[in-house]
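S.K.: Pasting in a structure now, in structure tokens, and then I'll have a few things to ask.
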DNA sequence: TCATGAGCTGATAATGATTCTCATTTGCAG
DNA sequence: CTGCAAATGAGAATCATTATCAGCTCATGA
């Protein structure tokens, strides 16, 4: 387990470094800390939430840096942007190629993740029909969870 | 055509009035103007854009009122909220039961609407699998349109 | 060795969409 | 009429995010 995590961390750190190099940017201690805290997390985080986690590791890191870094993580393909439409951008680690969408309870805000390759396929198809080259998508289903209904 | 439009307007106005009554609120001239301008439009509008349209009909109407009203329209089921993840809430008239999702070009921002009942069905299915009662969903596909690629 | 400069950082100001506040107005119920 | 609940417009407030800026770091080359 630890080995796997560590391997992911190393992979991700390399990937970030590579991405930074490509853009003429540098790997820094702050970016390292932010990456580590981010990868610890299971599920999604807002930049603000990540900022609070990061503070526990290094209180000197400013929130602007966290906002900047989390964008770099997204660019590098390490983070996936998730949007629930509440005006807050959330990010979640992208391990391997796994991908999923979200089901959100309108009452208690509880969230469930799911994957549906069939839907993915149909999305591809729709894009193709309209001559688009599909890059990404955003899908959130809203409903009432079993506990609330 | 005109008849159909007019019929929709009347239907929608009634629906709004009904919704307002249910909440102990009132139909007002301002709300009427905002509703009319909104229904004129083909496709989606931000509250800001709607505000500018409304000004042309009645410059005295304030933007706060437009923001408030557009929310009421959404509550009443007259408007559908569309979110492209760019921090601006957009709304579009909901005629009949027609529903569609969006395909957005990442370069030129051009938007195409599409409907895919198969996807809708699968979304229902996913919700059911997790015990959720599906209320709504948000799906936007991002890609590069034929002209840009 | 030391100067240089590109990039980085944190604090803070700025932005922009949206919401709130509040004094004033409107319009029906009694 | 009269009063009261709701509505309105103007502008302030909010909140997430982004821009600005002065100081810092560190590899490079003279």
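Chains as they are written, first to last, in our numbering: chain A, -13 to 135; chain B, -13 to 135. Virtual Cβ for every residue (Gly too), placed ideally from N, Cα, C.
How is residue 44 of chain A classed by DSSP in three states: helix, strand or coil?
M.R.: Here residue 44 of chain A sits in coil by DSSP.
S.K.: Does the distance from the CB of residue 127 of chain A to the CB of residue 123 of chain B come in under 7 Å?
M.R.: Yes; because the gap between Cβ atoms is below 7 Å, this pair is in contact.
S.K.: Can you tell which of B/21, B/121, B/115, B/92 has its C-alpha closest to the C-alpha of residue 71 of chain B?
M.R.: Of the listed residues, the one whose Cα sits closest to residue 71 of chain B is B/92.
S.K.: For chain B, check one thing: does any of its Cβ atoms lie closer than 7 Å to the Cβ of residue 126 of chain A?
M.R.: At least one chain B Cβ lies under 7 Å of residue 126 of chain A.
S.K.: What is the DSSP secondary structure of residue 74 of chain B, reduced to helix, strand or coil?
M.R.: Coil, per DSSP.
S.K.: For residue 87 of chain A, does the three-state DSSP call read helix, strand or coil?
M.R.: Correct three-state label for residue 87 of chain A: strand.
S.K.: How would you list, in chain order, the residues of chain B whose beta-carbon sits under 8 Å from the beta-carbon of residue 117 of chain A?
M.R.: The contacting residues are 131, 132.
S.K.: Give me the DSSP bridge partner(s) of residue 93 of chain A.
M.R.: Bridge partners of residue 93 of chain A: none, in fact.
S.K.: If I measure Cβ to Cβ from residue 32 of chain A and keep anything under 7 Å in the same chain, skipping five residues before and after, which residues do I get?
M.R.: The residues are 74, 75, 76.
S.K.: In whole angstroms, what separates the C-alpha of residue 116 of chain A from that of residue 20 of chain B?
M.R.: Rounded to whole angstroms, residue 116 of chain A to residue 20 of chain B spans 33 Å at the Cα level.
S.K.: I need the DSSP call for residue 65 of chain A, collapsed to helix, strand or coil.
M.R.: In this structure, residue 65 of chain A counts as strand in the three-state DSSP scheme.
S.K.: Taking Cβ-Cβ distances shorter than 7 Å, what residues in chain A pair up with residue 120 of chain B?
M.R.: Correct list: 127, 129.
S.K.: Could you check whether the region 40 to 60 of chain B touches the region 86 to 106 of chain B, counting it as contact only if at least three pairs of C-beta atoms, one from each stretch, sit closer than 8 Å?
M.R.: Taking 8 Å as the limit for Cβ pairs, the verdict is that the region 86 to 106 of chain B does not touch the region 40 to 60 of chain B.
S.K.: Runs of 4 residues minimum, wholly inside the region 18 to 43 of chain A: which ones carry the alpha helix (DSSP H) assignment?
M.R.: As far as the region 18 to 43 of chain A is concerned, its whole alpha helix (DSSP H) runs of at least 4 residues are 33 to 43.
S.K.: At what residues does the beta strand (DSSP E) containing residue 114 of chain A begin and finish?
M.R.: Counting along the chain, residue 114 of chain A falls outside any beta strand (DSSP E), though it belongs to the alpha helix (DSSP H) covering 103 to 115.
S.K.: Given residue 125 of chain B, which residues of its chain have a CB within under 7 Å of its CB, disregarding the five upstream and five downstream residues?
M.R.: For residue 125 of chain B, where only same-chain residues beyond five positions count, the Cβ hits under 7 Å are 87.
S.K.: Quick check on residue 112 of chain A: buried or exposed, where buried means 16 or more other Cβ atoms within 10 Å of its Cβ?
M.R.: The residue is buried, with at least 16 neighbouring Cβ atoms inside 10 Å.
S.K.: Listing by chain order, which chain A residues have their CB less than 8 Å from the CB of residue 89 of chain B?
M.R.: Going along chain A in sequence order, the residues near residue 89 of chain B (Cβ under 8 Å) are 112, 113, 116, 118.
S.K.: Taking only the alpha-carbon atoms, compute the straight-line gap between residue 44 of chain A and residue 99 of chain A and give it to the nearest angstrom.
M.R.: Distance between the alpha carbons of residue 44 of chain A and residue 99 of chain A is about 31 Å.
S.K.: Hey, residue 2 of chain A and residue 60 of chain A are a contact pair by Cβ (cut 8 Å); roughly how many whole angstroms apart?
M.R.: 11 Å between Cβ atoms; not a contact.
S.K.: Apart from the five residues on each side of it in sequence, which residues of its chain come closer than 7 Å, Cβ to Cβ, to residue 120 of chain A?
M.R.: Same-chain partners within the cutoff: 109, 110, 113.
S.K.: Distance check for residue 30 of chain A and residue 69 of chain A, CA to CA, integer angstroms please.
M.R.: About 10 Å.
S.K.: I need the boundaries of the beta strand (DSSP E) containing residue 128 of chain A, first residue and last residue.
M.R.: Element bounds for residue 128 of chain A: 119 to 130.
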